[in-house]
Structures are given as structure tokens and as C-alpha cells.
Amino acid sequence: MTPDQALYWLDLLGTFVFGLSGAMLAVRRDLDVFGIAVLAVAAALSGGMIRDMALGATPVAALGTSHTLLAAFAAALCVFFFHRLIEKLSKPVMVLDAIGLGLFAVSGARKALDFGLDPLPAVVLGVLTAVGGGAVRDLLVAETPRVLREEVYALAALLGAVIVVAGDRIGADPLPVLILGAALAAFVRILSVLRGWQAPKAPGPRD
Amino acid sequence: MTPDQALYWLDLLGTFVFGLSGAMLAVRRDLDVFGIAVLAVAAALSGGMIRDMALGATPVAALGTSHTLLAAFAAALCVFFFHRLIEKLSKPVMVLDAIGLGLFAVSGARKALDFGLDPLPAVVLGVLTAVGGGAVRDLLVAETPRVLREEVYALAALLGAVIVVAGDRIGADPLPVLILGAALAAFVRILSVLRGWQAPKAPGPRD
Amino acid sequence: MTPDQALYWLDLLGTFVFGLSGAMLAVRRDLDVFGIAVLAVAAALSGGMIRDMALGATPVAALGTSHTLLAAFAAALCVFFFHRLIEKLSKPVMVLDAIGLGLFAVSGARKALDFGLDPLPAVVLGVLTAVGGGAVRDLLVAETPRVLREEVYALAALLGAVIVVAGDRIGADPLPVLILGAALAAFVRILSVLRGWQAPKAPGPRD
Numbered sequence: 001m002t003p004d005q006a007l008y009w010l011d012l013l014g015t016f017v018f019g020l021s022g023a024m025l026a027v028r029r030d031l032d033v034f035g036i037a038v039l040a041v042a043a044a045l046s047g048g049m050i051r052d053m054a055l056g057a058t059p060v061a062a063l064g065t066s067h068t069l070l071a072a073f074a075a076a077l078c079v080f081f082f083h084r085l086i087e088k089l090s091k092p093v094m095v096l097d098a099i100g101l102g103l104f105a106v107s108g109a110r111k112a113l114d115f116g117l118d119p120l121p122a123v124v125l126g127v128l129t130a131v132g133g134g135a136v137r138d139l140l141v142a143e144t145p146r147v148l149r150e151e152v153y154a155l156a157a158l159l160g161a162v163i164v165v166a167g168d169r170i171g172a173d174p175l176p177v178l179i180l181g182a183a184l185a186a187f188v189r190i191l192s193v194l195r196g197w198q199a200p201k202a203p204g205p206r207d
Numbered sequence: 001m002t003p004d005q006a007l008y009w010l011d012l013l014g015t016f017v018f019g020l021s022g023a024m025l026a027v028r029r030d031l032d033v034f035g036i037a038v039l040a041v042a043a044a045l046s047g048g049m050i051r052d053m054a055l056g057a058t059p060v061a062a063l064g065t066s067h068t069l070l071a072a073f074a075a076a077l078c079v080f081f082f083h084r085l086i087e088k089l090s091k092p093v094m095v096l097d098a099i100g101l102g103l104f105a106v107s108g109a110r111k112a113l114d115f116g117l118d119p120l121p122a123v124v125l126g127v128l129t130a131v132g133g134g135a136v137r138d139l140l141v142a143e144t145p146r147v148l149r150e151e152v153y154a155l156a157a158l159l160g161a162v163i164v165v166a167g168d169r170i171g172a173d174p175l176p177v178l179i180l181g182a183a184l185a186a187f188v189r190i191l192s193v194l195r196g197w198q199a200p201k202a203p204g205p206r207d
Numbered sequence: 001m002t003p004d005q006a007l008y009w010l011d012l013l014g015t016f017v018f019g020l021s022g023a024m025l026a027v028r029r030d031l032d033v034f035g036i037a038v039l040a041v042a043a044a045l046s047g048g049m050i051r052d053m054a055l056g057a058t059p060v061a062a063l064g065t066s067h068t069l070l071a072a073f074a075a076a077l078c079v080f081f082f083h084r085l086i087e088k089l090s091k092p093v094m095v096l097d098a099i100g101l102g103l104f105a106v107s108g109a110r111k112a113l114d115f116g117l118d119p120l121p122a123v124v125l126g127v128l129t130a131v132g133g134g135a136v137r138d139l140l141v142a143e144t145p146r147v148l149r150e151e152v153y154a155l156a157a158l159l160g161a162v163i164v165v166a167g168d169r170i171g172a173d174p175l176p177v178l179i180l181g182a183a184l185a186a187f188v189r190i191l192s193v194l195r196g197w198q199a200p201k202a203p204g205p206r207d
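And the structure:
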């Protein structure tokens, strides 16, 4: 499998799991079938669309084929019929969200490098790709986005993106680097929730 | 009138009515004259701007001429002076919103087809164009967007976009298809409000 | 210094002060170090990214070099360690926000003119560049954006953008016009807060 193909499948898998997280949130908020589809699509596509619009990779990949949308709608359908089952899996939305986070962080950073961006912007665009979909999803139901509420969310995406950019700098084979980055990002995110890790806050009292 | 010209005028009309809906919301929230202008422009332009940025049709059409902005400002001005009159018309914001919804759904789907998008992405971009402006408008005043709160809102836009894409597939004359799609979308939306239609929710209790 | 260079430095300065305003808001909301970085970047980059995506100036300037991001991160770092000092300066977030507002209004309008936009769209894109970052910043912490809450916020940006476009029409030397526009916009904004100026609201009772 070439890196391009790997990126394609990773993106599709990330789309599906982010779609699940969006659809699960919609069910919890008691939204109807259209609300479920809208939140699934918003969560699944927003991050990649922001990435592509910022890079000028247009028409955005999410709309370039039907596959991305089909993955998001498949997620919405799964949730519509099986949300009770999905909910019963332990902390499922969190775990799915962590996997999607890792996948989008590496795919975003990789695409940024392919468009000639410098290392720092490539890392930031990876993080933006990863947290963008979740942020739009949460904003649509008037929640403060998870990236601001929950500790170490941005850090996990950062780790995945940094691994991809660092691997590119040392000339490593892209595919294992993508997988390593996505897995480590998801792992750190899940661990941080289970262990209740907290990032440091600015020292001193708030005036 | 060519389809291109029709699209131009439909877009301008949709801009005006969405501008009215944004400006009316601003008056209800007791915003000042700048807030009225900002919400009118946000409601009127956001959907089309998202559409064009996603397609790479830049500079976005909304800023390519002065006409779109003048239509939005005209709407803001009408509301500033005549909001009591506009409010008295029966459920006016809802009806205007429905007409704008239909117009933007068909123009979004049509432009997506012109940029070579596949049928499914073209339909989704039509829906996004139609619901995007209202979503940005509602988010700016910290409301959950109408597309998630109200039943059958997304469905009406979907219907309009599907008609345009289906008409394109069977090689129908574009102009009547655009008008039919916009009218049917607006009609379904208005009917759904008057009749209190509800879309199905995911079966089973929420855990 | 050429207008291009001036625009570059004005943009960087605006990025830094908007980054400060985002980071200060994050500290007040008791967010952790990642939340501070996210809000600094969101406040600093969103306006310019929307401007560039709308113009098709991609990859967006904010990600074209590392400088913009470094300015935003420097702002986050300053706030992380010195937020008590920064807070003690009189109404500091407001003043910084006013300066960033003026800088982005003129740089946004100037870039729009460089891309061949007509005067009215160029003015509006200047305003959007100026208020976009603050709006995204406020939306992320679930606040109604300042542009809608506070009087004369949009007017100040409008003034800066109009000066740039008017200067361009009469063929004035760009650099002093940019500085004049940014300074006047910031001045009007600060004065309006200190004096409690209010913009007119739509006449008549709200039904």
C-alpha cells in the first residue's frame, strides 16, 4: 500500500469514527434523524474541509468523491439503529473520538507537508484537522468544544502531528510513521482520560 | 434567461430574504444598527461563502461583485425601519427563511454540478449552502441552529438539492428544474412548520 | 519600507495582540496551557484565514511561514507567565483588542484590493478579517461575540477599512494610509468604550 492509499483509508476510517461520535451526541440530545445525519457529517467532514480550504486543495477531498459522505452516513445509520449497543461499550464515544483524533492529526500533517508547508504550520494544521470536526460538532449543540474542556486533548493531536513531521524530516518511510503517529495520539488521549491527567494552568490567582 | 442568469437572480433573492431573517433576529435580540447589519450579512453570505470556499470558486461570489452585499444591506435597512411591519406578517421570518432555504439549496447543488462534483456531494453541498447561513446566524447569537432544533428543516433543503441533481442526470432543462426545486423545498418547509411534522428519532431509550 | 513589508509587520503585530486577547480570555476561564494556546491561535489566525480562504490566497498566509504561529505562541507564553501583570494594565484586553482590530481591518481591506475586489467587498472583507478572529475566540468559549455585544465595535473596523479603500481610490501613498486607518480604527474603538458610545437601535417596540 502506498502512503497515498494509506492516507486515503486512514481518512475514511477517521471519517467513520468521527461520524459515530457526532451521531451519538445527536442521539443523546434527542435530535431527530436529520439532526443525527447533520451532526455525523459535521463531525466527520469539518476538520478535513477546513484543512483543504486552508491549503487550497479544492474542491475539498470530502466532496471530491462520494466515499467520505457514505462513510459519515453509514456512521449515522449505525447509530440510528444500534445506539444502545454502541453506548454500552465502555466510554465508546471517547474512544472513537480518540481514534478519529489520531487519524486526522496524522493525515492533516501529512497533507500539509505534501503541499509544501513548513514543519510548524504542518503540525498546527494537523492539530486543526483533528480538533476541527469535534469543535464544529460541539459548537452546533452549544457546548464548549472538548478541545477546551478536556485536558490533554490538543496534546494528543499534537503528538501525532509532530511524529509525522519529525518522521518526514529524518526521511523515514511515511506509512509506518503515519500508523505510529495515529496510534500514539489515540493511546495518549485514551490514557489521559482514564488516568485523569491534567495539563498545567497559568500560575497565580485570576484577578 | 440562461441558467447562469437565473442562478444569479435566484442567489440575489435568496441573499435578500436570508438577510431579512438575520436582521429580524438581530432586532428581536435588541442589537444595535451594526449588529443588525452583521447578522444580515452573516445570514445572507455565509452559506454561499462556505460553498465557494469548499469548491475553490474564489474570490467567493459573494465578494466578487458589490451586488450580494448591497442585497444584504438593503435587507438590513428594510428591517431597521420596518421591522414592526415585517413582524406583523404571519410568521414572516419562518416563511422568508423557507424561501431562502429553497433558493440556496438549488443554487448550491447547481454550482457543485458545474464544478464537476458527483451527485451525492452535490446534494450535500446544496444542503450545506442552504443551512450554512442560518447556522452561522444562530450560532452568533448563541442559539442552537434551527437545522438541529426544527424538524424537517434539513429535509426541505435536501429535497430541493435532490431535484436539481436528478434533473441534471436525466438531462432536463436546468431553469425550470431550479425553480421547481426551490419552490418545492420552500413549500415542504413551510408546510412542515404549519403542520408540526416531526422526523423520526432513533428508537429505544437514551441511556 | 514597502507597503508589502509594512503589511507583513502590521499583520504580525496584529497577530500578537489578538493572540494576547485570546490567551487572556483563556486564563480568565481557567483553561489549561493547551486551552491558552488554542484560544491564542484561534483569536490570532481565524480572521486572516477566513480572509485568505475567501480570496483564494492559499495556502493561507497564516500557515505559509512559521512567523504568524510563532507570534501567536509567543503571546500565549507571555500570558501564561505574566497574566497578572498584563491584567493589571488598565483594561488591557480591550485596548489590545482595539489595536488588533485596527491592524486587521486595514490589512484585510488592502489584501482584498490587491486581489482586485471592488471597494464595497474590500471594505466588508476588511471588517470580516478584523472581527473574525475575535468572533471565533468568543464562540469557542460559548460567549456571544463582542462584535454583537459591544457598541461601535464593527464601526471602528469599518472606519479603518474605508480609509484604506478611499486612500486607494484617490491614489494616496499606501503605507501612511494603512497606519492612519489602523490608528483611527483603534482610537475610535477605545474612545467608544471609555465614553460608553452607543449605536442607534431599530426604532419602535419589539413585538
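Protein chains in written order, with UniProt numbering: chain S, 1 to 207; chain Y, 1 to 207; chain P, 1 to 207. Glycine residues also receive a C-beta, built at the ideal position from the N, C-alpha and C atoms.
By the rule that beta-carbons nearer than 8 Å mark a contact, Lys201 of chain Y touches chain S. For Phe115 of chain S, the residues of chain P that pass the 7 Å Cβ criterion are Pro59, in the order they occur in the chain. For Asp32 of chain P, the pairing in a beta bridge is given by DSSP as S:Lys201. By the neighbour-count criterion, in which 16 or more other beta carbons inside 10 Å mark a residue as buried, Gly35 of chain S falls on the buried side. In the DSSP annotation of this structure, the continuous segment of the alpha helix (DSSP H) that includes Glu87 of chain P starts and ends at His67 to Lys88.
Taking Phe16 of chain P as the centre and dropping the five residues before and after it, the same chain places the C-beta of Ala44, Ala71, Ala72, Ala74 and Ala75 closer than 8 Å to its C-beta, in chain order. Cβ-Cβ distances below 8 Å link Ala61 of chain S to Asp11, Gly48, Asp52 and Thr68 in the same chain, with the five nearest sequence neighbours on each side left out; the list follows chain order.
Using beta-carbon distances, Asp118 of chain P counts as an interface residue toward chain Y, with a partner under 8 Å.
Secondary structure at Val141 of chain P: coil, using DSSP grouped into helix, strand and coil. What Met53 of chain S touches in chain Y, judged by beta-carbon distance under 8 Å, is Met53 and Ala54, going in chain order. The stretch 121 to 129 of chain P and the stretch 94 to 112 of chain P touch, with no fewer than 3 CB-CB distances between them shorter than 8 Å. Within the same chain, Cβ atoms closer than 6 Å to the Cβ of Gly100 of chain Y are found at Gly14, Val17 and Phe18, the five residues on either side in sequence being excluded. In this structure the stretch 145 to 154 of chain Y touches the stretch 186 to 204 of chain Y; the number of beta carbon pairs closer than 8 Å is three or more. In terms of beta-carbon proximity, Thr2 of chain S stays away from the interface with chain P, with every pair separated by 8 Å or more. Runs of the beta strand (DSSP E) lying entirely within the stretch 167 to 196 of chain S and spanning at least 3 residues: none are present. Annotation: Cβ neighbours of Val124 of chain S in chain P (cutoff 8 Å, chain order): Val41, Leu63 and Leu69. Contact of Ala154 of chain P with chain S is not assigned, every C-beta pair being separated by 8 Å or more.
Note on Phe81 of chain Y: under 16 other CB atoms within 10 angstroms of its CB, so exposed under the neighbour-count rule.
Judged by beta-carbon spacing, Ala26 of chain Y lies beyond the 8 Å limit of Ala142 of chain P, meaning their Cβ atoms are not closer than that value.
Residue-level contact check: Ala112 of chain Y does not touch chain P, since none of the beta carbons of chain P fall below 8 Å from its beta carbon. Under the 10 Å beta carbon count, Ile163 of chain Y is surrounded by 16 or more other beta carbons and is classified as buried. Around the C-beta of Asp97 of chain S, 16 or more other C-beta atoms lie within 10 Å, and the residue is accordingly described as buried.
Thr129 of chain S sits in a helix when the DSSP states are folded into three classes. The C-alpha of Ala166 of chain S lies about 18 Å from the C-alpha of Val188 of chain S.
Short of 8 Å from the beta carbon of Leu7 of chain P, and not among the five residues preceding or following it, lie these beta carbons of its own chain, in chain order: Ser107, Arg110, Lys111 and Leu178. Contact annotation, Ser192 of chain Y with Val136 of chain Y: C-beta distance approximately 22 Å; criterion of less than 8 Å not satisfied. Annotated three-state conformation of Leu113 of chain S is helix, per DSSP.
At the C-beta level, Leu63 of chain Y and Ala54 of chain P come within 8 Å of one another. Among the CB atoms of chain S, one or more fall inside 8 Å of the CB of Leu139 of chain Y. Ala26, Val27, Arg28, Arg29, Asp30, Leu31, Asp32, Val33, Phe34, Gly35, Ile36, Ala37, Val38 and Leu39: these are the residues of the stretch 26 to 40 of chain Y whose beta carbon lies less than 9 Å from some beta carbon of chain P, given in chain order. Contacts between Ala142 of chain P and chain Y, judged by CB atoms closer than 9 Å, involve Ala142 in chain order. As the crow flies, the alpha-carbon of Val41 of chain P is around 48 Å from that of Ala172 of chain Y.
Annotation: Cβ neighbours of Pro145 of chain Y in chain S (cutoff 8 Å, chain order): Leu140. Straight across, the Cα-Cα distance linking Leu140 of chain Y with Ala161 of chain P is about 22 Å.
Taking a C-beta distance under 8 Å as the contact criterion, Leu120 of chain P and Leu159 of chain P do not qualify as a contact pair. Using a Cβ-Cβ cut-off of 7 Å, Phe80 of chain Y is close to Ala202 of chain P, given in chain order.
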